[in-house]
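Numbering (this note's numbering), first residue to last: 1461 to 1619.
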């Protein structure tokens, strides 16, 4: 069972997962999530709920027809219910073990702790799974995707 704690400071929330700062809702974070949501269309699958920021923005995007979020920890959803609404459809499951029978127009990922080279393997794992879940001509979007793709490109160039 995951230990979820949300601390509120000056109208901003900070989510701790097993005592590790996992997510925050500062203005810059919200801008990044809005940018991701604005690129999406059609049926969207989101890996990781967090504060539901990207999900909320996706639902505001008129090009998006549905949003389903896969959240590994039911405790995250339970804790978020204490702080307000839950957005979209929620599946409690590990994204990496999701069945691949349904395909989506967009798959959005935010299941790594930071945009940092230490989490490149987490991003690659997400990307590999997302490729199996996205329709042809669909999009894979993610928090820090440009940075992680840069790391992958430069890593190949050095090899």
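Note that CB positions come from ideal geometry on N, CA and C, so glycine has one too.
Legend entry - One or two residues paired with residue 1564 in a DSSP bridge: Within the chain shown, numbered from 1, the residue matching residue 1564 stands at position 104. Paired residues: 1594.
Inset, instruction - Take every Cβ of the segment 1527 to 1534, pair it with every Cβ of the segment 1585 to 1594, and state whether three or more of those distances are shorter than 8 angstroms. - result: no
Legend entry - Candidates 1540, 1519, 1563, 1558, of which the one nearest residue 1493 by Cα: By 1-based counting over the chain shown, the position of residue 1493 is 33. Cα-wise, what sits closest to residue 1493 is 1519.
Inset, instruction - Going by CA-CA distance only, name the one from 1526, 1584, 1542 that's closest to residue 1505. - result: Locating residue 1505 in the chain shown gives position 45, counting from the first residue. Of all alpha-carbon atoms in 1526, 1584, 1542, the one lying nearest the alpha-carbon of residue 1505 is that of 1526.
Inset, instruction - Look at the alpha carbon of residue 1596 and the alpha carbon of residue 1470, and state the distance between them as a whole number of angstroms. - result: Residue numbering aside, residue 1596 sits at position 136 when the chain shown is read from its first letter. Residue numbering aside, residue 1470 sits at position 10 when the chain shown is read from its first letter. Computed Cα separation, rounded: 44 angstroms.
Legend entry - Residue(s) in a DSSP beta bridge with residue 1464: Along the chain shown, one-based indexing puts residue 1464 at 4. Its beta-bridge partners are 1477.
Legend entry - contact_flag[the segment 1542 to 1562, the segment 1499 to 1514] where n(CB pairs < 8 angstroms) is 3 or more: yes
Inset, instruction - Taking only the alpha-carbon atoms, compute the straight-line gap between residue 1514 and residue 1499 and give it to the nearest angstrom. - result: Within the chain shown, residue 1514 is the residue found at index 54, counting from 1. Within the chain shown, residue 1499 is the residue found at index 39, counting from 1. When rounded, the distance between both Cα atoms is 11 angstroms.
Inset, instruction - Provide the residue span of the alpha helix (DSSP H) that contains residue 1520, from first to last. - result: In the chain shown, counting from the first residue as 1, residue 1520 sits at position 60. 1513 to 1520 is the extent of the alpha helix (DSSP H) around residue 1520.
Inset, instruction - Just grab the DSSP bridge partners of residue 1603 for me. - result: Walking along the chain shown from the start, residue 1603 turns up at place 143. Per DSSP, none; premise fails for residue 1603.
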